[in-house]
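*Asks:* Before I ask anything, here is the structure I am working with.
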Amino acid sequence: MGDDPGPMLRPELPVPEPDALDASRRLLARIETEIAARGGWIAFSDYMQLALYSPGLGYYTGGAAKFGPSGDFITAPSLGPLFAQTLARQVAELIGRSAPRILEFGAGGGELAGDLLAELARLGCAVEKYSILEPGAGLAERQRATIAKLAPESVAKVEWLERLPGDFEGVMIANEVVDAMPVHALAWREEGVFERGVAIENGRLAWAERPAADDVLAAARELDIAPPYASEIALAARGWMRSVADTLQKGALLVIDYGFPAREFYHPQRNTGTLMAHYRHHAHADPFLHPGLQDLTAHVDFSALAAIAATTGLDLLGYATQSNFLVNCGITEVLEGTDAQDVRRYAPLAATAQKLLSPAEMGELFKVLCVGRAIGPEALLGFARGERSHTL
Ligand SMILES: C[S@@+](CC[C@H](N)C(=O)[O-])C[C@H]1O[C@@H](n2cnc3c(N)ncnc32)[C@H](O)[C@@H]1O
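Using numbering that gives the first Met the number 0, count along the sequence shown one by one with no gaps and you end on 391.
Below, the structure written as structure tokens:
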């Protein structure tokens, strides 16, 4: 590593511990080897896959704490039980119309599983099995401990899967999972559509473009975009939706995440895309800083997910903002379950409700998409008011 320019440090961001920097250097070496093996360039989606999921060293597969206040970001389930308790009402309705099984994708710290199981038991909704499909390394033990604490009577019903089962009946949940799937980065120019990828320049990772080809070009051409413009296309998320559709025989999938319908996602003013890096609660735009130590995400194009669902024969059961969805599910009644005079318990719940519902926080940016099969024509609880699938 004689001409190694050393790790890139950003004065505005916290400096990683030496062992973390060391792990990041090892991942960087793996990425550089991959770039060299492929003739000096890899697609950004391959870089994102390596940075997040490279065995033993990726952001989600390297084993360090990612979730909650000590990690890099906070998600709705880590804010306390209110989100899961409210979601439980929709899950109970869907279980009643399918089967008493739940499959959660990417269960993070395990809070959603624990709080959901506890609340479903309280509501008298029996769950036979709760399956977790999680590519993140070392998370199963942490999830098991969290679930044992939050829902001790249900922990025996939880199993961890390595891949999607051949078929499934029941309710599938993906909370902030699709935004963590690798995306292709594109640039639309007068000369044509280019794929933005990663090369090595002066010893560092750097953006480099090639003419887009094959599936990426075909997907780009389906969009009506005036150059110059840059954005992302999530082919991995589309593939994931296809495999979910193959598996889901009866029941529904709830996708909860930040994102927009295509018209907003590819809005002329959103001309630099939605790609973002998160490091210790700082959001910034450099995906090449400390590979493996920072989260990389892109917003979700919900129209693309709904279109794949439609082509695979799944029904579109609802699409709403998180705020409308949670209000429809009865977040206010859940809150009323705690005495407002009991300030010590009520104040944090009210603060969480504000974060989940406020248009300035998660209420509008986060959406809930529900697709499913063979669960009957009646409208679902969470989409009773403010349903917006016409915008997809
Ligand atoms: C931002 S975290 C969210 C964790 C948790 N759902 C929460 O809300 O706190 C994203 C998670 O999605 C997982 N993930 C990414 N792709 C996945 C896939 N194809 N199947 C299952 N989980 C996936 C990651 O490993 C990671 O645990």
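Backbone N, C-alpha and C define an ideal beta-carbon position, used for all residues, glycine too.
The structure presented is a predicted model; accordingly, all values stated were derived computationally and were not measured.
With distances taken Cα to Cα, identify the nearest neighbour of G57 among R88, P134, E92, H183.
*Replies:* As a first step, residue 57 is located in the sequence shown; it is residue number 58 there, counting from the start. Looking at the Cα atoms, P134 is the closest of the given residues.
*Asks:* With which residues is H281 paired in a DSSP beta bridge?
*Replies:* For the purposes of this step, residue 281 is taken as residue 282 along the sequence shown, with counting starting at 1. Answer is Y278.
*Asks:* From L93 to L116, what does the alpha carbon distance come to, in whole angstroms?
*Replies:* Residue numbering aside, residue 93 sits at position 94 when the sequence shown is read from its first letter. Residue numbering aside, residue 116 sits at position 117 when the sequence shown is read from its first letter. When rounded, the distance between both Cα atoms is 14 angstroms.
*Asks:* What are the partner residues of V342, as DSSP defines its beta bridges?
*Replies:* Locating residue 342 in the sequence shown gives position 343, counting from the first residue. According to DSSP, which records beta bridges pairwise, V342 is partnered with nothing at all.
*Asks:* In angstroms, rounded to a whole number, what distance separates the CA positions of G317 and D256?
*Replies:* Against the sequence shown, residue 317 aligns to sequence position 318. Against the sequence shown, residue 256 aligns to sequence position 257. Taking the straight line joining both Cα atoms gives about 14 angstroms.
*Asks:* Looking at the strands, I want to know which residues DSSP matches up with N174.
*Replies:* Here residue 174 is taken as the residue at index 175 of the sequence shown, counted from 1. According to DSSP, which records beta bridges pairwise, N174 is partnered with I255.
*Asks:* Can E175 be considered in contact with ligand 1, in the sense that its beta carbon sits closer than 6 angstroms to one or more heavy atoms?
*Replies:* Your numbering for residue 175 matches position 176 in the sequence shown. Flag set: Cβ of E175 near ligand 1.
*Asks:* DSSP three-state call for P6: helix, strand or coil?
*Replies:* Position 7 of the sequence shown, counted from the start, is the residue given in the question as residue 6. The predicted position of P6 is uncertain, since its pLDDT is 45 and thus under 50; a value taken from the coordinates is nonetheless stated next. Note: P6 maps to coil in three-state DSSP.
*Asks:* With a CB to CB cut of under 8 angstroms and the five nearest residues on each side skipped, what residues in its chain are close to N327?
*Replies:* Here residue 327 corresponds to residue number 328 of the sequence shown, with the count starting at 1. These residues qualify, in order along the chain: A319, L380, G381, F382, A383, R384, G385.
*Asks:* Under the assumption that V182 contacts I232 (Cβ atoms under 8 angstroms), give the Cβ distance between them as a whole number of angstroms.
*Replies:* Locating residue 182 in the sequence shown gives position 183, where the first residue counts as 1. Locating residue 232 in the sequence shown gives position 233, where the first residue counts as 1. Rounded, the Cβ-Cβ distance is 7 angstroms, consistent with contact.
*Asks:* Does the separation of the CB atoms of S242 and L304 fall below 7 angstroms?
*Replies:* Residue numbering aside, residue 242 sits at position 243 when the sequence shown is read from its first letter. Residue numbering aside, residue 304 sits at position 305 when the sequence shown is read from its first letter. Going by C-beta atoms, S242 is not nearer than 7 angstroms to L304.
*Asks:* Less than 8 angstroms between the CB atoms is what I'm expecting for P260 and S302, so what's the real figure, rounded?
*Replies:* Taking the first residue of the sequence shown as 1, we reach residue 260 at position 261. Taking the first residue of the sequence shown as 1, we reach residue 302 at position 303. 5 angstroms between Cβ atoms; contact.
*Asks:* What do you get for T271, buried or exposed, if any count of 16 or more other CB atoms within 10 angstroms of its CB means buried?
*Replies:* In the sequence shown, the residue the question calls residue 271 occupies position 272. Under this definition T271 is an exposed residue.
*Asks:* Cα separation between A120 and A359?
*Replies:* Your numbering for residue 120 matches position 121 in the sequence shown. Your numbering for residue 359 matches position 360 in the sequence shown. Taking the straight line joining both Cα atoms gives about 33 angstroms.
*Asks:* Distance, Cα to Cα, F374 vs K128?
*Replies:* In the sequence shown, residue 374 corresponds to position 375, counting from 1. In the sequence shown, residue 128 corresponds to position 129, counting from 1. For clarity, residue 374 is Ile in the given sequence; the question names Phe instead. Spanning the two alpha carbons is a distance of roughly 19 angstroms.
*Asks:* Which whole-angstrom value describes the C-beta separation of A393 and T273, a residue pair presumed to lie in contact below a C-beta threshold of 8 angstroms?
*Replies:* There is no way to answer for residue 393, as the model of the chain reaches only from 0 to 391.
*Asks:* Mind the definition here: the stretch 322-339 touches the stretch 79-89 only if three or more C-beta pairs lie below 8 angstroms; say whether that holds.
*Replies:* Segments in contact, yes.
*Asks:* Using the C-alpha atoms, what's the distance from A346 back to K354?
*Replies:* Position 355 of the sequence shown, counted from the start, is the residue given in the question as residue 354. Position 347 of the sequence shown, counted from the start, is the residue given in the question as residue 346. Going from the Cα of K354 to the Cα of A346 covers about 13 angstroms.
*Asks:* With the cut-off set at 7 angstroms, would you say I146 and A112 are in Cβ contact?
*Replies:* Position 147 of the sequence shown, counted from the start, is the residue given in the question as residue 146. Position 113 of the sequence shown, counted from the start, is the residue given in the question as residue 112. Cβ distance < 7 angstroms, so I146 and A112 count as in contact.
*Asks:* Using DSSP with H/G/I as helix, E/B as strand and the rest coil, what is Y265?
*Replies:* As a working mapping, residue 265 is identified with position 266 in the sequence shown. Reduced to three states, the DSSP call for Y265 is coil.
*Asks:* Which whole-angstrom value describes the C-beta separation of R96 and L247, a residue pair presumed to lie in contact below a C-beta threshold of 8 angstroms?
*Replies:* Residue 96 sits at position 97 when you count from the first residue of the sequence shown. Residue 247 sits at position 248 when you count from the first residue of the sequence shown. Wrong, their Cβ atoms sit about 13 angstroms apart, outside the cutoff.
*Asks:* My output table needs one value for G202: the three-state DSSP class, helix, strand or coil.
*Replies:* As a first step, residue 202 is located in the sequence shown; it is residue number 203 there, counting from the start. The answer is coil: DSSP assigns G202 none of H, G, I, E or B.
*Asks:* Determine the burial state of P376: buried for a count of at least 16 other Cβ atoms within 10 Å of its Cβ, exposed for fewer.
*Replies:* Stepping through the sequence shown from its first residue, residue 376 is reached at position 377. With fewer than 16 Cβ atoms within 10 Å of its Cβ, P376 is classed as exposed.
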